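Residue numbers (this note's numbering): 1 to 167.
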């Protein structure tokens, strides 16, 4: 069982990243929670993680274990960075430190008049306000917990690949 899980780890990690992005978009479009600047940054990390995980899955196999292991190690660093970014966002929400000056989000597309009207109509989404929480934990808090877990799984899978390649 552990061998099967180890082999499938990259695709499972990619699916987790897709699920995290999907959940963020569900909260945005169905839940009406517009993302702040830090929320966007956290999404970008998952967007970067997906192709890395898929490349690790594609390269895993005869002769590709070293490359897959290195990519999984990179993925562990990506998810650790995600955890750090989410932890930073939690600190901003809790007032432990200040967030970025640009805490608003709107799409820069269309004509100049369209952009100006979007800017005027767009609500300012503050990074220091918790928009949603469950059991006192914000979405950024859950992202930190999940990212730490994904970093651990990625690191475990990387070590297993590198060890198997070395043996």
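For each residue, glycine too, the CB sits at the ideal point set by N, CA and C.
All of these numbers come straight from a predicted model, not from anything done at the bench.
Euclidean distance between Cα positions of residue i and residue j
| i | j | result |
| --- | --- | --- |
| residue 94 | residue 128 | 7 angstroms |
| residue 51 | residue 154 | 14 angstroms |
| residue 124 | residue 141 | 21 angstroms |
| residue 11 | residue 18 | 10 angstroms |
| residue 133 | residue 139 | 6 angstroms |
| residue 161 | residue 68 | 7 angstroms |
| residue 152 | residue 35 | 27 angstroms |
| residue 74 | residue 157 | 11 angstroms |
Best match in the options for proximity to residue i [C-alpha to C-alpha]
| i | options | result |
| --- | --- | --- |
| residue 42 | 154, 25, 112 | 25 |
| residue 92 | 72, 38, 53 | 38 |
| residue 131 | 31, 100, 68 | 31 |
| residue 16 | 79, 71, 7 | 79 |
| residue 20 | 40, 96, 99 | 40 |
Buried versus exposed, by CB contacts within 10 Å (16 or more), residue i
| i | result |
| --- | --- |
| residue 65 | buried |
| residue 46 | buried |
| residue 135 | exposed |
| residue 88 | buried |
N- and C-terminal bounds of the alpha helix (DSSP H) containing residue i
| i | result |
| --- | --- |
| residue 96 | Where residue 96 is concerned, there is no enclosing alpha helix (DSSP H), given that its DSSP letter is neither H nor E. |
| residue 43 | 37-59 |
Cutoff 8 angstroms: residue i Cβ touching any chain C Cβ
| i | result |
| --- | --- |
| residue 138 | Any reference to chain C falls outside this structure, which holds one protein chain only. |
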